[in-house]
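Read top to bottom, the protein sequences are chains A and X.
The first sequence stops at residue 126 when you use numbering that gives the first Met the number 0, and every number in between is there.
The second sequence stops at residue 126 when you use numbering that gives the first Met the number 0, and every number in between is there.
Glycine included, every Cβ here is placed at the ideal spot set by N, Cα and C.
All values derive from a computational prediction rather than experimental measurement.
Reading through the structure tokens given below for one structure.
Protein chains: 2
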Amino acid sequence: MATTDQIRSTVEAYAKAMTANDREAWLGLFAETATVEDPIGSDVRVGRESVGEFWDFVHSLTPQIDMEITGPLKVVEHEAAFGFTLTASVGDAKMRSQIIDVMTFDDDARIRTMRAYWTMADMQPVD
Amino acid sequence: MATTDQIRSTVEAYAKAMTANDREAWLGLFAETATVEDPIGSDVRVGRESVGEFWDFVHSLTPQIDMEITGPLKVVEHEAAFGFTLTASVGDAKMRSQIIDVMTFDDDARIRTMRAYWTMADMQPVD
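Below, the structure written as structure tokens:
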């Protein structure tokens, strides 16, 4: 099983890669057979290729997403749940929301499943 | 399906009943067939009676638990994830931790499943 420190490192690398707009680094954090449900209730993406398409879809809507882990960040067994603040560029404006992601990890601390708790109604314009 | 407001009310009532040490009010928020995994990785309690035994076990360790929802509190579809600060009396001392709970709800906004992300290692003495 991956250690708490390894899982924490994956979560931190995830936020860093998103903010750095580094698709390759971000995608490399997922297991080959990873699933992504973002947000909860949307179609589940299955497999790293589909997760990459999810990245492309999101970035067709907003070119820049800043992701700051604002907590709590909890790692238990092979799972993590963490709160973060997302700031997304939309045209000349910025939208912001707090979000909770829940993930499970494989033995190499790669993301096996990811589910994101947020709704469009949560997004607020940044002054 | 329960509305976002109904689910939010259940979550707030959950924290309030815990802090008020009101076992009956707390237990009444669960569906008859509810499951509880608290913390992640422990045996899953199945059914309201077993969830009540979980309450009794926890309160045999600590007579008073204050539960303040410190966020984020996210409700999506029939699910919720939220961060809170737990303060537990242990003898003359108090221990504190941030925790994330993830819940699903039935059509009456009663808790169907609850999973709690925390470890004993997270608990810190309160000065």
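Residue nearest to residue i in terms of C-alpha spacing, selected from the options
i	options	result
A:Thr118	A:Gly40, A:Val10, A:Thr3, A:Thr32	A:Gly40
A:Asp42	A:Met17, A:Arg114, A:Asp106, A:Val125	A:Arg114
X:Ala1	X:Asp126, X:Thr103, X:Asp121, X:Thr112	X:Thr103
X:Asp37	X:Pro124, X:Gln123, X:Tyr116	X:Tyr116
A:Ile98	A:Leu85, A:Ala92, A:Asp4	A:Leu85
A:Gln123	A:Met94, A:Thr112, A:Phe83	A:Met94
A:Thr112	A:Ala19, A:Met17, A:Glu23, A:Gly46	A:Gly46
A:Ala33	A:His58, A:Ser49, A:Ala79, A:Thr61	A:Ser49
X:Pro62	X:Ala24, X:Asp126, X:Ala92	X:Ala92
X:Gly90	X:His58, X:Ala79, X:Val101	X:His58
A:Asp65	A:Ala19, A:Ala24, A:Glu76	A:Ala19
X:Glu78	A:His77, A:Val101, A:Leu60	A:Val101
Buried versus exposed, by CB contacts within 10 Å (16 or more), residue i
i	result
A:Glu67	exposed
X:Ala14	buried
A:Ala87	buried
X:Val125	exposed
A:Ala120	exposed
Neighbourhood of residue i by C-beta, 7 Å cutoff - its chain only, sequence neighbours within 5 removed
i	result
A:Thr3	Val74
Neighbourhood of residue i by C-beta, 8 Å cutoff - its chain only, sequence neighbours within 5 removed
i	result
A:Gly82	Ile68, Thr69, Gly70, Pro71, Leu72, Gln97, Ile98, Ile99
X:Glu76	Met0
A:Ala12	Ala24, Leu28
Same chain only: Cβ atoms within 6 Å of residue i, ignoring 5 sequence neighbours per side
i	result
A:Ala24	Ala16
X:Arg22	Trp54
A:Ala80	Lys73, Val101
X:Arg44	Val35, Val50, Phe53
Exercise. Determine, using beta-carbon pairs with one atom in the region 6–13 of chain X and one in the region 94–108 of chain A, whether at least three such pairs fall under 8 Å.
Key: no
Quiz prompt | Contact list for the region 27–42 of chain X against chain A, Cβ threshold 8 Å | solution = Cβ contacts with chain A come from Pro38, Ile39, Gly40.
Quiz item: Any residues in the region 7–19 of chain A with a beta carbon nearer than 9 Å to a beta carbon of chain X? Which ones, in chain order?
Solution: none
Quiz item: Mind listing which residues of the region 89–115 of chain A have their C-beta closer than 8 Å to chain X's C-betas, in chain order?
Solution: Gln97, Ile98, Ile99, Val101
Quiz item: Do the region 64–84 of chain X and the region 28–35 of chain X touch if we need at least three Cβ pairs shorter than 8 Å?
Solution: no
Quiz item: Going along the chain, which residues of the region 44–57 of chain X sit with their C-beta nearer than 9 Å to a C-beta in chain A?
Solution: none
Practice problem: Compile a chain-ordered list of the residues in the region 71–90 of chain A whose CB is closer than 7 Å to at least one CB of chain X. | Solution: Residues Pro71, Lys73, Val75, Glu76, Glu78, Ala80, Gly82.
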